[in-house]
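To keep things clear, I will list the structure first and then write my remarks on it.
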Amino acid sequence: MAPAASVTSSGRWRFWVIAAAAFLLILWLLNDILLPFVVGMVVAYFLDPVVLRLQRMGLSRTMATTAVTIVAALIAVGFFMAILPPLFGQLQALIVKTPEYIVKVAERIQPLVEPLRERFGLSPLTLSDLQTEATQWAGKAFAVAGGIAGTVAQRGVAIINLLGLLFITPVVTFYLLRDWEKVLAAIDSALPRDHADTIRKLARESNAAIAGYVRGQALVCLALGSIYAIGLSLVGLQFGLVIGLIAGAISFIPFVGTFVGAVMALGMALAQFPPDWMGVAKVAAVFLVGQTLEGNVLSPKLVGDRVGLHPVWIMFALLAGGSLFGFVGVLVAVPVAAVAGVIVRHLLARYRESDIYRGTAS
21 MAPAASVTSS
31 GRWRFWVIAA
41 AAFLLILWLL
51 NDILLPFVVG
61 MVVAYFLDPV
71 VLRLQRMGLS
81 RTMATTAVTI
91 VAALIAVGFF
101 MAILPPLFGQ
111 LQALIVKTPE
121 YIVKVAERIQ
131 PLVEPLRERF
141 GLSPLTLSDL
151 QTEATQWAGK
161 AFAVAGGIAG
171 TVAQRGVAII
181 NLLGLLFITP
191 VVTFYLLRDW
201 EKVLAAIDSA
211 LPRDHADTIR
221 KLARESNAAI
231 AGYVRGQALV
241 CLALGSIYAI
251 GLSLVGLQFG
261 LVIGLIAGAI
271 SFIPFVGTFV
281 GAVMALGMAL
291 AQFPPDWMGV
301 AKVAAVFLVG
311 QTLEGNVLSP
321 KLVGDRVGLH
331 PVWIMFALLA
341 GGSLFGFVGV
351 LVAVPVAAVA
361 GVIVRHLLAR
371 YRESDIYRGT
381 AS
């Protein structure tokens, strides 16, 4: 048998560039139907350690996967049945009453703003002006939201993704969990032999980064959402459940979750509590307690600083992923950023070991 033809270095680079470009093109073309599969992969990744523990206790992979999938599905159904009805009720009421609350908040801060408006020669704002502007703002917001919802519904993406999440995601999760080790073995067998050890090393580091950040940050978001939702509800803030869950859900974006939640909660408190300013102080105290726990307990214990993901890099990855692939891109942005960070650090280490960095004199 004739020996295989050798491949030059430029040929290898050309192969990997073409393969990467083809992979990204396929992802972009199939973006509208990827959501159930991506969610299934994410859920399987989260649940794989639980399946491994059950395997160590003596269960087969199939039995462990079945047990974990059933329990996870029951927990998810129970959680959504308990949370969604009051959540949707509060959200609907919040949307309807938003103009009214904007006017109330503007009335509270108007005495503070009027001296500035007079100094710059601006006409004073009357109550009718505030009501008109609030109504116009709410109308524009509803029109934009309705237009987006209508466009998505016309394309059928919303229905497809909803049905996929309900019926396809559990199936994908089950089969990926059951065959997780086989999938990893198949990928390992396809690695180029000359670089297999390096790729395995980078994969282990990437997995550590993803597990350390994504799993830890998910627990942080869940804890913060619970703290904010329960705390704001206990202090009597209207729509505290909605605001708290929103703040917790977007806390994976550094600083954004706390800022958005605090602005919404304090704005609602200014519209609801004064002249009882103690209520506003209690709302501020809830966010102060949440941030103290996050900075000193939750993030250090659950995430730590070992994953090497800078907040600016995370925000860039989320914006880039959302811009390129929509919600699916947001889901995979942080894992991709973690892998990219590991690869960049590896390339920098190789660069510092090379003659290009050291120079010929060394």
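My numbering puts the first residue of the sequence shown at 21, with every later residue one more than the last. Quick reminder that beta carbons are idealized off the backbone N, C-alpha and C, glycines included.
With a cutoff of 8 Å on beta-carbon distance, Cys241 and Phe279 are scored as not near each other. Straight-line spacing of the CA atoms in Ala42 and Arg32 works out to 15 Å.
Non-local beta-carbon contacts of Leu322 in its own chain, meaning distances under 7 Å to residues more than five positions away in sequence, involve Gly236, Leu239 and Val240 in chain order.
Runs of the alpha helix (DSSP H) lying entirely within the region 178-229, each at least 4 residues long, are 189-198 and 200-209 in chain order. Selection Gly251, Met298, Leu79 and Tyr233 evaluated against Phe66 yields Tyr233 as nearest (Cα-Cα). Distance from the Cα of Val332 is smallest, within the candidate group Val303, Thr86 and Val354, for Val354. Around Gln75, the same chain offers Arg81 and Ala84 as residues with beta carbons nearer than 8 Å, after the five sequence neighbours per side are excluded. Taking the Cα positions, Glu201 is about 27 Å away from Asn51. Per DSSP, reduced to three states, the secondary structure at Gly98 is helical. The C-beta separation of Leu257 from Gln292 comes to about 7 Å, placing the pair in contact by the 8 Å criterion. Comparing C-alpha distances from Gly251 to each of Ala305, Leu204 and Asp208 shows the shortest one belongs to Ala305.
Under the criterion of beta carbons closer than 8 Å, Gly264 and Ala243 do not qualify as touching, at roughly 12 Å. Closest by C-alpha distance to Ala205, out of Arg220, Phe194 and Met335, is Arg220. The Cβ-Cβ distance between Val71 and Val91 does not fall below 8 Å. An exposed status is given to Gly109, since fewer than 16 other beta-carbon atoms sit within 10 Å of its beta-carbon.
By the Cβ-count criterion, Ile46 is exposed, with fewer than 16 other Cβ atoms from all chains shown falling within 10 Å of its own Cβ. Distances from the CA of Gln112 to each of Leu367, Asp214 and Leu261 were compared; the closest alpha carbon is that of Leu261. Shown here, Ser343 sits in a helix according to DSSP, grouped into three states. Buried is the label assigned to Ala358, since at least 16 other Cβ atoms lie within 10 Å of its Cβ.
Of the residues Thr189, Gly98, Ser209 and Asn227, the one whose Cα lies closest to the Cα of Pro69 is Asn227. Distances from the alpha-carbon of Ala369 to those of Thr218, Phe194 and Met298 put Thr218 closest. DSSP, reduced to helix, strand and coil, places Asp296 outside both helices and strands of the structure shown, so it counts as coil. Within the model, the alpha-carbon separation for Phe187 versus Asp199 is close to 19 Å. In the structure shown, Ser80 adopts coil according to DSSP, grouped into three states. Separation of Ile266 and Met288 (C-alpha to C-alpha, rounded to the nearest whole angstrom) is 14 Å.
Using a 10 angstroms sphere on the CB of Pro105, the tally of other CB atoms stays under 16, which defines it as exposed. The beta-carbon separation of Ala229 and Val97, rounded to 32 Å, does not stay under the 8 Å limit for a contact. Inclusion of Gly341 and Thr193 in the CB contact set at 8 Å is not warranted, their separation being larger than that value. DSSP places Gln258 in the coil class of the three-state scheme, outside both helix and strand. Put simply, the backbone Cα of Ala210 is about 9 Å away from that of Ala216.
Phe307 places its beta carbon 8 Å or farther from that of Ala337.
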